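Residue numbers (the working numbering): 653 to 736. Every residue gets a Cβ at the ideal spot worked out from N, C-alpha and C, and that includes glycine. Values in this document were obtained by computation on a predicted structure and should not be read as measured data. Taking it in order: structure first as structure tokens, then the write-up.
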């Protein structure tokens, strides 16, 4: 995840719980950073998207949220699906 939502730890954790997969919370200014690295690739400063990803990964803290209580989230989703 990127953007302002990464500042909300509950949102990040609940997202991991709901999808049953790890969530990596990256830079809050992900759009601007993405724009910047694409320009660097176009200018030849970076060779490709893989190098750009490495630069971003090494430049900004990334927090990992592991899924928790997945069974409960799956049950809740089942109840939601039954009502829609």
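N- and C-terminal bounds of the alpha helix (DSSP H) containing residue i
i           : result
residue 731 : 722-735
residue 707 : 701-711
Pair within 8 Å by beta-carbon distance, residue i and residue j
i           : j           : result
residue 724 : residue 674 : no
residue 655 : residue 682 : yes
residue 678 : residue 714 : yes
residue 692 : residue 684 : no
residue 612 : residue 672 : Beyond the ends of the chain as shown, which are 653 and 736, falls residue 612; an answer cannot be given.
Burial state of residue i, where buried means 16 or more other Cβ atoms lie within 10 Å
i           : result
residue 690 : exposed
residue 698 : buried
Residue from the options whose Cα sits closest to the Cα of residue i
i           : options               : result
residue 680 : 692, 664 and 670      : 664
residue 722 : 653, 669, 662 and 685 : 669
DSSP state of residue i mapped onto helix, strand, coil
i           : result
residue 690 : helix
residue 677 : strand
residue 669 : helix
Residue i - containing beta strand (DSSP E), residue span
i           : result
residue 716 : 715-717
Chain C contact for residue i (CB, 8 Å cutoff)
i           : result
residue 680 : You won't find chain C in this structure, because it holds only one protein chain.
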